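Here the structure comes first, spelled out in structure tokens, and everything after it is commentary.
Spelled out as structure tokens, the structure:
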């Protein structure tokens, strides 16, 4: 039977993630015959992505039907899967999220998923996400919404509480940690098997094992880490020493959630480098579509897990995926029921099934529980467009060290983000 599934990719013009998604789609034999509908508000970026997709379709013989449109509603009609990688004025507003709190004495690491930056990412992103899912409720109510946009935990938490659309967040953070562990252990990454649970960018690696033998690698890690370069991920290693577990997925990511995260560095994101990289990558895409040699790497999987989840559902594979962000609902029994948690998942024809690894060690649950409370209030502030609740979210955030600073940065960043803040439900 021919595969008639429609996959809608919103934010397809994103140079970095867009290419990764296309790599995975066209290197998979399991999606052959699907319709891939690319959506972006930027016509030029959309045309580039569509040109690249058609070229990859030809080179791989994947046999997909490629569509492109700037009309989201037209794209969503009849979709089976909706992949979202949206961001609003990503670098301009993110840079303000980082710089304004620092002006008022707040010391932080990235300003994206935690701290004041995480709050304002939530306030401006959730209304757009709810616009998409409301359209889905009307046009494709059975479709799975697969989110790659930050702040992942807050988006999943909000949809789990206020939307009937099934949602899955995906992140490569656990693989970043595997890369770090391979350096310390001096082992190939593919030999290391990880089982983690927690929240996005703050998972506890409950098991680190040799993939072939099943041997517990934690004793070796604790021994080798003592002699490894002390400048490498010092915050993560400090938590290892204090809590006896490795936390994902890097100092600058997990540092967003901790009052002392800045001690491992507070340089922020490389906005200028990111912009240069996007321009350079766009130039490469343009040349490739015009006939330049095709990069061989673009015909191989990227390592993201969106296509794996889609294929697992389409072909009823009961496929286990290392990590997904889902509503908790008891999966981690010692975190709040409404929290968004990141745990292993299994995908089959029924949908996405979280895999429970049981309760977290009690000190780890208490460490993460503080941040879950912040996320819950940030979601309420965004859903109700409430500046009062936004202030409450700041005042319970461990990154915020001054009530006066909280009020001042809230006033300034609220005005900057006012065009995007509106009630979601």
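In the working numbering, the protein residues as written are -13 to 411.
Glycine is no exception: its CB is placed at the ideal position from the N, C-alpha and C atoms.
These numbers were taken from a predicted model, which means no experiment stands behind them.
Would you please state the rounded distance, in angstroms, between the beta carbons of residue i and residue j? I believe it to be under 8 Å.
| i | j | result |
| --- | --- | --- |
| residue 25 | residue -5 | 7 Å |
| residue 1 | residue 285 | Not quite, the Cβ-Cβ distance comes to about 18 Å (not below 8 Å), so this is no contact. |
| residue 346 | residue 320 | 6 Å |
| residue 279 | residue 13 | Not a contact, Cβ separation roughly 18 Å. |
| residue 311 | residue 138 | 5 Å |
| residue 192 | residue 181 | 5 Å |
| residue -2 | residue 32 | 6 Å |
| residue 102 | residue 380 | 6 Å |
| residue 290 | residue 6 | 5 Å |
| residue 86 | residue 399 | 6 Å |
| residue 318 | residue 331 | With 8 Å as the limit, residue 318 and residue 331 do not qualify as a contact, their Cβ atoms being about 13 Å apart. |
| residue 296 | residue 17 | 7 Å |
| residue 231 | residue 350 | 6 Å |
| residue 221 | residue 207 | So it is not a contact: roughly 16 Å between Cβ atoms. |
| residue 135 | residue 73 | 6 Å |
At what residues does the alpha helix (DSSP H) containing residue i begin and finish?
| i | result |
| --- | --- |
| residue 118 | 101 to 125 |
| residue 238 | 237 to 240 |
| residue 163 | 159 to 171 |
| residue 3 | 1 to 13 |
| residue 403 | 389 to 403 |
| residue 43 | 29 to 46 |
| residue 90 | No alpha helix (DSSP H) contains residue 90, which DSSP labels as neither H nor E. |
| residue 147 | 138 to 148 |
| residue 298 | 292 to 300 |
| residue 58 | 58 to 62 |
Determine which residues share a DSSP beta bridge with residue i and list them.
| i | result |
| --- | --- |
| residue 193 | 181 |
| residue 224 | None; residue 224 has no bridge partner. |
| residue -8 | 21 |
| residue 355 | Paired residues: none, contrary to the question. |
| residue 334 | 337 |
| residue 233 | 190 |
| residue 68 | -6 and 131 |
| residue 329 | 310 |
| residue 202 | 195 |
Thinking C-alpha only, which one of the options is nearest residue i?
| i | options | result |
| --- | --- | --- |
| residue 244 | 358, 348 and 196 | 358 |
| residue 50 | 338, 83 and 15 | 15 |
| residue 255 | 5, 95, 373 and 362 | 95 |
| residue 376 | 387, 386, 385 and 363 | 363 |
| residue 159 | 237, 108, 106 and 87 | 237 |
| residue 316 | 294, 339 and 305 | 339 |
| residue 365 | 329, 135, 405 and 140 | 140 |
| residue 306 | 334, 324, 104 and 67 | 334 |
| residue 215 | 329, 174 and 169 | 169 |
| residue 383 | 369, 111, 354 and 398 | 354 |
| residue 211 | 202, 226 and 199 | 226 |
| residue 372 | 161, 408, 71 and 391 | 408 |
| residue 303 | 336, 55 and 259 | 336 |
| residue 57 | 385, 121, 194 and 165 | 121 |
Which two residues bound the contiguous beta strand (DSSP E) that contains residue i?
| i | result |
| --- | --- |
| residue 383 | Where residue 383 is concerned, there is no enclosing beta strand (DSSP E), given that its DSSP letter is neither H nor E. |
| residue 53 | 51 to 55 |
| residue 305 | 305 to 313 |
| residue 268 | No beta strand (DSSP E) contains residue 268, which is instead part of the alpha helix (DSSP H) from 257 to 275. |
| residue 154 | 153 to 155 |
Please determine whether the Cβ atom of residue i lies at a distance below 8 Å from any heavy atom of the ligand SAM.
| i | result |
| --- | --- |
| residue 57 | This structure lacks the ligand SAM; in fact it carries no ligand of any kind. |
Measuring only between beta-carbons, confirm whether residue i sits less than 9 Å from chain C.
| i | result |
| --- | --- |
| residue 217 | Checking the listed chains, one finds no chain C in this structure; it contains a single protein chain. |
Given 8 Å, three or more beta-carbon pairs between the segment 149 to 157 and the segment 124 to 133: yes
Cβ contact check for the segment 51 to 69 and the segment 111 to 130: 3 or more pairs under 8 Å: yes
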